[in-house]
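Counting along the sequence shown from 1, when you hit position 65 you're at 65 in the working numbering, and nothing is skipped either side.
A virtual CB, placed ideally from N, CA and C, is assigned to each residue, including glycine.
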Amino acid sequence: MKTCLECNEKIVGREDKKFCSDGCRNAYNNKINKDSNNFMRNVNNKLRKNYRILSETNTEGKTKTTRSKLLSKGFDFDYFTSILNTKTGNSYRFVYDQGYLILDNDYFMLVKKEI
């Protein structure tokens, strides 16, 4: 006799079922997929916020802005997902598909990576 992975109740139905109900399946998967601790949750929140700021600031796919404008919106320069180093020696920092290049005089070129 098989039992539900979430509540240990007897499972009725198909042989390969793992849960007694959609509610148990959802509860089990939510437990497994939640951010495992506060550190991960905080990092993911900062990445989401940075992404939203870059997306809202760069509506054209490529634009210029200043450090102070990004900071005033709450951008945190310590959090990004990747760095793209170009052949010309430039380093773009990306938050998923939204990126920026540090220019002179506290200016930034914002770009969107075509996926």
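- Measuring C-alpha to C-alpha distances from F108 to each of E114, F75, I11 and D16 identifies F75 as the nearest.
- Note on G99: 16 or more other CB atoms within 10 angstroms of its CB, so buried under the neighbour-count rule.
- For V95, the closest C-alpha among the options I11, N30 and K49 is that of K49.
- Spatial neighbours of R93 in its own chain (CB-CB distance under 7 Å, excluding positions within 5 residues in sequence) are listed in chain order as F80, I83, G99 and Y100.
- In the DSSP assignment, Y100 falls within the beta strand (DSSP E) that extends over Q98 to I102.
- Residues of the same chain with a CB within less than 8 Å of the CB of R25, apart from the 5 flanking positions on each side, are E6, K18 and F19 in chain order.
- Residue L103 holds the alpha-carbon nearest to the alpha-carbon of T66 among M1, N8, L103 and S21.
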